[in-house]
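There are 2 protein chains.
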Amino acid sequence: MDNHLVFGELDLTSLLSLSFSSSINELHDKLSELGFGDLRPVHGFMFKCITPDGATGIELAEYLGITKQAVSKIVDFLEKSGYVMRQTHPTDKRGKIIVLTERGWLAMKVKDEILTEIEQRWIENIGTERMQMLKEDLTKLVYEANEGKLSSRIRPVW
Amino acid sequence: MDNHLVFGELDLTSLLSLSFSSSINELHDKLSELGFGDLRPVHGFMFKCITPDGATGIELAEYLGITKQAVSKIVDFLEKSGYVMRQTHPTDKRGKIIVLTERGWLAMKVKDEILTEIEQRWIENIGTERMQMLKEDLTKLVYEANEGKLSSRIRPVW
DNA sequence: ATAATATCATCAATCAAGTTGACTATTTTG
DNA sequence: CAAAATAGTCAACTTGATTGATGATATTAT
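For the record, the sequence lines run as chains P and X. Taking my numbering, the leading residue of the first sequence gets 445, the next gets one more, and so forth. Taking my numbering, the leading residue of the second sequence gets 445, the next gets one more, and so forth.
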């Protein structure tokens with residue numbers, strides 16, 4: 445049987461999960477090759493939220509869809525690994541601002557380059573216009589599902 | 445700022461994750477209302493793999509992207525909750541075949557109905573043709589990422 | 001035909017990654 | 001100014017997975 449037909453039978457939720465994991469797995473395979481083998485998918489999303497000005501623990505927790513303590517633990521690891529730093533909050537003495545280090549900025553840059561390559565290959569597969577429509581449609585679906593609210597809680601369910 | 449613009453800035457991996465979680469969250473909200481509040485997302489995917497003829501532990505592990513023991517634990521829970529049964533394998537005395545019970549089939553049917561409703565609403569949002577293209581494009585991307593192999597490992601990374 | 005090897009499902013132990021509730025210092029609110 | 005709320009962290013706990021071993025069975029090699 446033509447395998448393409450088999451995939452054609454996948455329902456939308458399976459397609460979304462597999463597409464997501466495919467791209468993230470490829471990204472991390474390449475990050476490993478480049479010396480960033482200690483990074484997990486959540487780190488990449490955290491870096492994205494942190495740039496360019498830093499982010500608080502609360503902001504990261506909301507964005508990622510995990511608790512403040514979980515964020516704190518991840519930041520502990522990333523700080524120890526040299527990707528981020530905790531800074532005091534400019535206006536709130538209770539608060540901390542998590543910022544990227546030079547190595548963190550490098551990792552972020554490399555990540556973006558790899559994702560651009562992956563997406564470019566996907567564009568060659570389905571065409572520029574179709575990629576544009578794919579993104580627009582997914583954006584509409586997410587927008588509708590969240591009743592117009594800002595996106596957060598990136599962590600996929602399971 | 446127009447929130448739509450904000451979403452427009454989401455990268456593809458974020459869009460995929462959020463789309464996935466949005467649909468699964470809505471599904472499980474409705475399943476809870478209908479008395480299936482003890483079901484997790486992985487259960488729905490497991491039911492799908494099981495139908496119509498049952499599945500072995502190995503098949504479920506591969507399909508879901510978790511270990512045989514993790515499957516065994518989940519099957520323990522679902523058996524206790526009345527959704528599945530273990531049967532002896534027809535040709536391999538070592539093996540078991542996991543099948544759905546009447547309640548399992550009902551849950552599967554209700555799940556499919558809810559997902560059809562969600563998808564119908566999404567079709568009303570973006571149009572029949574665009575939904576068709578969305579699925580085709582995601583299928584191509586997953587197919588290419590898996591080098592033409594059959595889909596498995598549904599569990600999203602994180 | 002038999003022995004060696006591999007496999008299936010399950011077991012117990014372990015681990016990773018998260019959550020919970022409490023705490024202190026600080027900010028906000030009444 | 002006092003009460004209430006909040007930010008981040010702590011320790012303990014929970015959840016959901018993995019690991020390696022086991023016994024029964026199947027497959028493979030001789």
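For every residue, glycine included, the Cβ atom is placed at its ideal position computed from N, Cα and C.
For a Cβ distance threshold of 7 Å, residue set SER461, PHE464, SER465, PRO600 and TRP602 of chain P lies close to PRO600(X), ordered along the chain. Against ALA589(X), the close residues of chain P are SER466 and GLU470, in the order they occur along the chain (beta-carbon pairs closer than 7 Å).
Taking a C-beta cut-off of 8 Å against chain X, the contacting residues of the stretch 543-562 of chain P are LEU559, listed in chain order.
THR532(X) sits in a strand when the DSSP states are folded into three classes. In chain order, LEU456 and LEU459 make up the part of chain X whose C-beta sits under 7 Å from the C-beta of LYS579(P). Residue range 540-544 is occupied by the beta strand (DSSP E) that includes VAL543(P). If you ignore the 5 residues before and after ALA505(P), its C-beta comes within less than 8 Å of the C-beta of THR511, LYS512, ALA514 and VAL515, all in its own chain and listed in chain order. Here LEU459(X) is actually not in contact with LYS555(P); their C-beta atoms are around 16 Å apart, not less than 8 Å. Residue range 512-524 is occupied by the alpha helix (DSSP H) that includes ALA514(P).
Inclusion of MET575(P) and ARG574(X) in the CB contact set at 8 Å is not warranted, their separation being larger than that value. Between LEU471(P) and TRP566(X), the gap from beta carbon to beta carbon reaches 8 Å or more.
Contiguous alpha helix (DSSP H) elements confined to the stretch 477-514 of chain X occur at 485-494 and 501-508, taking only those with 4 or more residues.
VAL601(P) sits in coil when the DSSP states are folded into three classes, being neither helix nor strand. Inclusion of ARG530(P) and ILE542(P) in the CB contact set at 8 Å is warranted, their separation being smaller than that value.
In this structure, DSSP gives TYR587(X) a helical state, which the three-state scheme calls helix.
Around LEU483(X), the same chain offers LEU475 as residues with beta carbons nearer than 6 Å, after the five sequence neighbours per side are excluded.
At least one C-beta of chain X is nearer than 8 Å to the C-beta of PRO485(P). Under the Cβ distance rule, VAL586(P) counts among the residues neighbouring chain X, one pair being separated by less than 8 Å. Contact of LEU582(P) with chain X is assigned, a C-beta pair being separated by under 8 Å. Counting every other CB atom within 10 Å of its CB across the protein chains shown gives HIS533(X) a total below 16, marking it as exposed. Between the alpha carbons of GLU523(X) and GLY501(X) lies a gap of roughly 14 Å. GLY509: these are the residues of the stretch 508-525 of chain P whose beta carbon lies less than 9 Å from some beta carbon of chain X, given in chain order.
Restricting attention to THR572(P), GLY488(P), ARG538(P) and ILE562(P), the CA atom closest to the CA of ARG547(P) is found in GLY488(P).
Among the residues facing chain P, ARG574(X) is included, as its CB has a counterpart in that chain under 8 Å away. Chain-order list of chain X residues neighbouring ILE494(P): empty, with the shortest C-beta distance near 14 Å, by a criterion of under 7 Å. Judged by DSSP in its simplified three-state form, GLU453(P) adopts coil rather than helix or strand.
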